[in-house]
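K.L.:
Here you go, one structure.
Residue numbers (this note's numbering), protein chains in the order written: chain B, 1 to 142; chain A, 143 to 284.
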């Protein structure tokens, strides 16, 4: 799907990013795809935050229109759809990791073991591993 | 002001951060305080995105309740109020910089000259400089 370009509020790239993912749900969907192995629609619904199905549906459409998420027919279940991050979506990893670091330090919560340490120790190696895990996977041909 | 603790949707620190700054305006206010020299209420209103005054007022209250922004009487104008980032607010710099980097790469816009290069070349030195600029300032005693 072609990324949809909209008229921006400004020329600031921080603003551009916030216009795409600056809400309380979109980055949680990206988080679930990146770190929690989410693939199917029901996987997102089972996350602890309890996203409503109408919000999930609208955010998945927007994330696909923005070129962050892609979907395909599930090769194991012809009626199912699976979602993946695109290369553009995977590159949101530093944003998520810095939100996690800030939240851990100043708000509350603990990320799954070792993630922040790995990020702080060697960001480039961490990103390379994330890219490999999420992008070097066989795609359905169907 | 004491940071207000609310019941979170989950124990994930990414979610905790998004509950505090996960909307399309709060991080623009932090951006203006961090990089654009904003201090007074009218400074935020003049940003290119055109924030509405009621949204600005509500976000400034929330940012203060969250311990990200502090306000004081303007020593140069007894009727005025100036806003500053707290230490907690300044530590949002990596989130903003990674949003800027992602936006520059995949959406549109250009950050002011040299910021992203400085961040990529030496993140620790960049953060130290930001902290120095924003926190080592004389405070009003009034």
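For each residue, glycine too, the CB sits at the ideal point set by N, CA and C.
Just so we're clear, the structure is a prediction, and the values are computed from it rather than from any experiment.
Do we get a CB-CB distance below 7 Å when we pair residue 236 of chain A with the residues of chain D?
P.N.:
The structure shown contains no chain D; its protein chains are B and A.
K.L.:
Whose CA, out of A:204, A:227 and A:237, lies closest to the CA of residue 214 of chain A?
P.N.:
Here residue 214 of chain A corresponds to residue number 72 of the second chain, with the count starting at 1. The residue with the shortest Cα to Cα distance from residue 214 of chain A is A:227.
K.L.:
Which chain B residues sit within Cβ distance under 7 Å of residue 261 of chain A?
P.N.:
Taking the second chain and counting its residues from 1, one reaches residue 261 of chain A at position 119. Simply none; closest approach about 11 Å.
K.L.:
What's the call for residue 38 of chain B, buried or exposed, on a 16-neighbour Cβ count within 10 Å?
P.N.:
Taking the first chain and counting its residues from 1, one reaches residue 38 of chain B at position 38. With 16 or more Cβ atoms within 10 Å of its Cβ, residue 38 of chain B is classed as buried.
K.L.:
Using the rule of at least 16 other Cβ atoms within 10 Å of the residue's Cβ for burial, across every protein chain shown, is residue 223 of chain A buried or exposed?
P.N.:
By 1-based counting over the second chain, the position of residue 223 of chain A is 81. Flag for residue 223 of chain A reads exposed.
K.L.:
At a CB-CB cut-off below 7 Å, which residues of chain B make contact with residue 149 of chain A?
P.N.:
As a first step, residue 149 of chain A must be located in the second chain, where it is residue number 7. Here the premise fails: no neighbours, minimum Cβ distance about 11 Å.
K.L.:
Closer than 7 Å, CB to CB, is residue 13 of chain B near chain A or not?
P.N.:
Translated into the one-based positions of the first chain, residue 13 of chain B becomes position 13. Answer yes: the Cβ-Cβ gap between residue 13 of chain B and chain A drops below 7 Å somewhere.
K.L.:
Could you check whether the Cβ of residue 58 of chain B sits closer than 6 Å to any heavy atom belonging to the ligand ADP?
P.N.:
Ligands displayed in this structure: none; no statement on the ligand ADP is therefore possible.
K.L.:
With 7 Å as the threshold, decide whether the Cβ of residue 273 of chain A is near any Cβ in chain B.
P.N.:
In the second chain, residue 273 of chain A corresponds to position 131, counting from 1. No, no contact with chain B.
K.L.:
List, in chain order, every chain A residue whose beta-carbon is nearer than 8 Å to that of residue 144 of chain B.
P.N.:
Since the first residue of chain B shown is 1 and the last is 142, residue 144 of chain B is not available in this structure.
K.L.:
Residues of the segment 238-250 of chain A with a CB closer than 9 Å to any CB of chain B: list them in chain order, please.
P.N.:
For the segment 238-250 of chain A, which is checked against every Cβ of chain B, the residues closer than 9 Å are 238, 239, 240, 241, 242, 243, 244, 245, 246, 247, 248, 249 and 250.
K.L.:
Checking contacts by CB at 7 Å: is residue 112 of chain B closer than that to chain A?
P.N.:
Sequence index remark: in the first chain, residue 112 of chain B carries index 112 (1-based). No, its Cβ sits nowhere closer than 7 Å to a Cβ of chain A.
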